[in-house]
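As given, the protein sequences belong to chains A and B, one line each in that order.
Going by my numbering, 39 is the number at position 39 of the first sequence; the sequence numbering is gapless.
Every number in my numbering is 1000 more than the matching position in the second sequence, counting from 1.
Think of the CB as a built atom: it goes at the ideal place given N, C-alpha and C, for glycine as much as any other residue.
Being a predicted model, the structure only gives us computed values, none of them experimental.
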Amino acid sequence: MPTKSDILNLYFMDARCKLLEIAAYLDRLDRHEGEGDFRQEAFLSALEAMQTPPAGQSRAQTVLNTLSDHSTSPAESASLQSAYGAPGKL
Amino acid sequence: MHYIEPHGHMVSRTTADYESIAQAGCVALCEPAFWAGYDRSSPAGFYDYYRQLTEYEPRRAAQFGIDHYCWLCINPKEAEDPSFAREVMSIIPEFLDCPNVLGIGEIGLNKNTKNELAIFEEHLEIAQKYDLPILIHTPHLEDKLKGTKLILDALKNANVDRGRVVIDHVEEHTAPLVLDQGYWAGMTLYPISKCTAARAVDILETFGMEQIWMNSACDWGVSDPLAVVKCALEMKKRQHTLTTVQKVIFENPKEFLSQCPNFKVNQLLQ
Ligand SMILES: [Zn+2]
C-alpha cells in the first residue's frame, strides 16, 4: 500500500490546483453583482462541514450528504429542470 | 490486459470509439437501454431503439472482436407518463429472446417521483416473471441519496434476489448502503457529475473489491469511452497488483454477468 508520502507525491499538485480553483471561484462570486442562491450557501456549508466530518463519515461522504436532498417521500411530479447539485429550487 | 465495459451507451458513439476501446483491451460491452439525449415521441421510437441495441450495435462491435450485450427497459427519464411507459414496456418481451439481451435495465429513478417509482416496480415484476437480472440507474447529484434509499426500499418489498441486481452510479455516500445489503454496485467514471478515477479507487480501497465494477457510461454527454482503462492505470499508480486490477475490470463483471443466461466469455479468451 502507498504511504502518505506516496499519496502526496501522486495527488498534492492536483489537489493544490483544485483548492486554488475553489478560492478563485469564491473570489469571482464576491466580485460580481447580484444575488446568489441556495447553491452558494450549500457549497460553503459543505466546505465547512468537511473539516470536521461527523463520526463514521468520511470528508467526501460529508460533502455529498451536505449537498443531498434529505426528504424521504417520492415527489408528486418531475420538474422540467435537471438536478442543480444542491437541494433547492431556482 | 483485457476488460469488460459493463455500461456504455454506444448508440451515442462513433465506430472509431469501438476501435479505441478494442485497442485498449475491451472484449465485451454491455449497453443498458436509456434516454438517447432526447424524448422519443412514440413507442415505435423505442421499438427502433431496441432493434438498434439487439441488431445493429452487436454487428458494429463484432468488427473489433467485442461482444456487445444490452439491457432493455424504458428509462426513468421517459417514464413520467405511466400510460406511455406501459405501452413501451409491452414491447419488451418480444425482444427478450434476442441472443445479446442480458436482463432488465437501466431502470430506476431520475427525479424520485411517484410515477417513476410505480414504473420501476412494474419493471421489477417483468424481471421476476422472466427470471432475469436487473441493472439499476440511481439519480444524479442532490437526488442520488434519496433515490437510492427509495430504490432499496422497493427492492426489499419486491423480494428480489440481491446477488442478481446491480445498482449503478454509486458514490461514497451510497456505496455502503448498496453493498451492505448484498447488492452489486457499479461506479461510473464521469468526472463532473459522478466519480473520478482517483475517487473510484478510494471507494474500492474503503469498501472492498467484492461485488463492485466500474464503467465509463460513455453516452451523449462529455464522457470518456476509455475511462475504465484509465482508472485501471490509477489503480496501478496506487500500487494495486495486476491481479487486483484484473479482478475489478474483468473478473467481477464476468462473475455478475455470468448469471445472465445469454452471457458468454468472449471466444477470443477461450
Ligand atoms: Zn447509463
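Quiz item: Starting from B/Y1038 and walking both ways along the alpha helix (DSSP H), at which residues does that stretch end?
Solution: Unbroken run through B/Y1038: none, as it is neither H nor E.
Quiz prompt | Within-8 Å CB hit, A/S77 to chain B | solution = Closer than 8 Å to the CB of A/S77 there is at least one CB belonging to chain B.
Quiz item: Within the present structure, is the beta-carbon of B/E1078 separated from the nearest heavy atom of ligand 1 by less than 7 Å?
Solution: no
Quiz item: From B/N1105 to B/L1135, what distance separates their C-alpha atoms?
Solution: In the sequence under discussion, the amino acid at residue 1105 of chain B is Gly, which differs from the Asn named in the question. Cα to Cα, B/G1105 sits roughly 5 Å from B/L1135.
Quiz item: Along chain A, which residues have their Cβ under 7 Å away from the Cβ of B/E1121?
Solution: Within 7 Å Cβ-Cβ: nothing; B/E1121 doesn't reach chain A, min ~11 Å.
Quiz prompt | Own chain residues within Cβ distance below 8 Å of B/G1025, not counting five before or after | solution = M1001, H1002, Y1003, V1229
Quiz item: Within 7 Å: the Cβ of B/D1017 and any heavy atom of ligand 1?
Solution: no
Exercise. Taking the CB atoms as reference points, tell me whether B/T1113 and B/T1148 lie closer together than 8 Å.
Key: no
Self-check item: Interface residues of chain B facing A/M1 [CB-CB closer than 7 Å]
Solution: Q1239
Quiz prompt | Three-state secondary structure assigned by DSSP to B/N1075 | solution = coil
Practice problem: With hydrogens ignored, establish whether the beta-carbon of B/A1185 is closer than 7 Å to any heavy atom of ligand 1. | Solution: Checking the Cβ of B/A1185 against ligand 1 gives no.
Quiz item: What residues from chain B crowd round A/Y11, counting only those whose CB sits closer than 8 Å?
Solution: A1198
Quiz item: Are A/A78 and B/E1055 touching if we call contact CB-CB under 8 Å?
Solution: no
Quiz prompt | N-terminal and C-terminal residue of the alpha helix (DSSP H) that A/G34 is part of | solution = It is not in any alpha helix (DSSP H) - A/G34 carries neither H nor E in the DSSP assignment.
Quiz item: If you drop the 5 nearest sequence neighbours on each side, which residues of the same chain put their C-beta closer than 6 Å to that of A/G88?
Solution: F38
Quiz item: If B/P1082 and B/N1115 are in contact, beta carbons under 8 Å, what's the gap, nearest whole angstrom?
Solution: 5 Å
Quiz item: Would the C-beta of B/P1032 count as close to ligand 1, meaning under 7 Å from any of its heavy atoms?
Solution: Yes, Cβ of B/P1032 sits closer than 7 Å to a heavy atom of ligand 1.
Practice problem: Take the Cβ of B/G1186 as the centre, count every other Cβ of all protein chains shown within 10 Å, and call the residue buried at 16 or more, exposed below. | Solution: buried
Quiz item: How would you list, in chain order, the residues of chain B whose beta-carbon sits under 8 Å from the beta-carbon of A/L67?
Solution: L1141, E1142
Quiz item: Are the beta-carbon atoms of B/N1100 and B/H1068 separated by less than 8 Å?
Solution: yes
Self-check item: Supposed close pair B/L1072, B/I1092 - CB separation, criterion 8 Å
Solution: Taking C-beta atoms under 8 Å as the contact rule, B/L1072 and B/I1092 qualify, at a distance of about 5 Å.
Exercise. Tell me, please, which residues DSSP counts as bridged to B/N1215.
Key: In the DSSP output, where bridge partners are listed per residue, B/N1215 has B/T1188.
Quiz item: Using 8 Å as the threshold, is the region 66–74 of chain A in touch with the region 1194–1213 of chain B, meaning 3 or more CB pairs across them?
Solution: Under the 8 Å Cβ criterion, the region 66–74 of chain A does not count as touching the region 1194–1213 of chain B, having fewer than three qualifying pairs.
Quiz item: Can you tell which of B/G1103, B/G1008, B/L1233, B/Y1018 has its C-alpha closest to the C-alpha of B/P1261?
Solution: B/G1103
Quiz prompt | chain A contact for B/E1080 (CB, 8 Å cutoff) | solution = yes
Practice problem: Kindly indicate if chain E contains any beta-carbon less than 8 Å away from that of B/L1132. | Solution: The structure shown contains no chain E; its protein chains are A and B.
Quiz prompt | Beta-bridge pairing of B/C1260 - partner residues as DSSP gives them | solution = B/C1260 is not bridged to any residue.
Quiz item: Cβ of B/D1202 versus every heavy atom of ligand 1: is any distance shorter than 7 Å?
Solution: no
Quiz item: Does the beta-carbon of B/K1077 have 16 or more other beta-carbons within 10 angstroms, so that it is buried, or is it exposed?
Solution: buried
Quiz item: Since B/E1106 meets chain A, which of its residues come closer than 7 Å, beta carbon to beta carbon?
Solution: Think of a sphere of 7 Å around the beta carbon of B/E1106: no beta carbon from chain A falls inside it, the nearest being about 17 Å out.
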